[in-house]
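Participant: Numbered by my numbering, the letters in the sequence shown go through residues 7 to 61 in order.
Have a look at the structure that comes next, please.
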Amino acid sequence: HSLGINPVGQSGVPFDKHYSDQAKAFVNGEYLPQRFSEKDIAEHTEGVLRLVPGA
């Protein structure tokens, strides 16, 4: 089991709904579970962004 924190949230993109979702935990010195197994990731995934190179 691994714990970690990303103070700018999961997205790192300002104005994204996940930009500051970890900030409060960071300020409070808390850590969140880090997902590594495919099963654990699949169970906690809200969406997928696929970047496909142009033709």
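Using N, Cα and C, we set each Cβ at its ideal position, and we do this for glycine too.
Are the Cβ atoms of residue 31 and residue 11 separated by less than 8 Å?
Facilitator: Counted from its first residue, the sequence shown places residue 31 at position 25. Counted from its first residue, the sequence shown places residue 11 at position 5. Contact flag set, yes.
Participant: Once you ignore the five residues that flank residue 40 on each side, which residues in its own chain have a CB closer than 7 Å to its CB?
Facilitator: Your numbering for residue 40 matches position 34 in the sequence shown. If we look at residue 40 and ignore the five residues flanking it on each side, its Cβ neighbours are 8, 9 and 10.
Participant: Could you compute how far the alpha carbon of residue 25 sits from the alpha carbon of residue 14?
Facilitator: By 1-based counting over the sequence shown, the position of residue 25 is 19. By 1-based counting over the sequence shown, the position of residue 14 is 8. Approximately 5 Å between the Cα atoms of the pair.
Participant: If we ignore side chains and look at the alpha-carbon of each, how far apart do residue 53 and residue 23 end up?
Facilitator: The residue given as residue 53 occupies position 47 in the sequence shown. The residue given as residue 23 occupies position 17 in the sequence shown. About 12 Å.
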